[in-house]
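J.:
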Amino acid sequence: MSEPQETICLDQFLKLCQAAATGGHAKVMIQSGMVQVNGEVELRRRRKLRDGDVVECEGETYVVQAD
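Residue numbering for the sequence shown follows my numbering, beginning at 859 and increasing consecutively.
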């Protein structure tokens, strides 16, 4: 049996990669439809991201990488 895969919530990821200054800023960006995950607009701020997911926001592309 494999180990459970690490996840991070979309709003936390946006703060971590400095695409959003605060959690509130991340929430507004997500709810405004400004964020895409794997090529699709994502409106859920608690969306779980996994290793390899691609997040696009304001012309920047970020790839989720596990430590």
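Note that CB positions come from ideal geometry on N, CA and C, so glycine has one too.
Bear in mind the structure is a predicted one, so any value in this text is a computation, not a measurement.
For the beta strand (DSSP E) that contains Q870, what are its first and last residues?
T.: Here residue 870 is taken as the residue at index 12 of the sequence shown, counted from 1. Where Q870 is concerned, there is no enclosing beta strand (DSSP E), although the alpha helix (DSSP H) it sits in stretches over 868-874.
J.: Return helix, strand or coil for L894, following the three-state DSSP convention.
T.: Along the sequence shown, read from residue 1 onward, the residue named residue 894 stands at position 36. For clarity, residue 894 is Gln in the given sequence; the question names Leu instead. Strand, per DSSP.
J.: Out of Y920, R905, C915, which one is the CA nearest neighbour of I866?
T.: One-based indexing of the sequence shown puts residue 866 at position 8. Checked all of Y920, R905, C915; the closest Cα to I866 is R905.
J.: Would you mind working out which of D909, L874, L868 sits nearest G891, comparing C-alpha positions?
T.: By 1-based counting over the sequence shown, the position of residue 891 is 33. When each option's Cα is compared against that of G891, the closest is L868.
J.: Compare the Cα-Cα distances from V912 to each of A878, L901, G897 and report the closest residue.
T.: Here the question's residue 912 lines up with position 54 in the sequence shown. Among A878, L901, G897, the Cα nearest to that of V912 is on G897.
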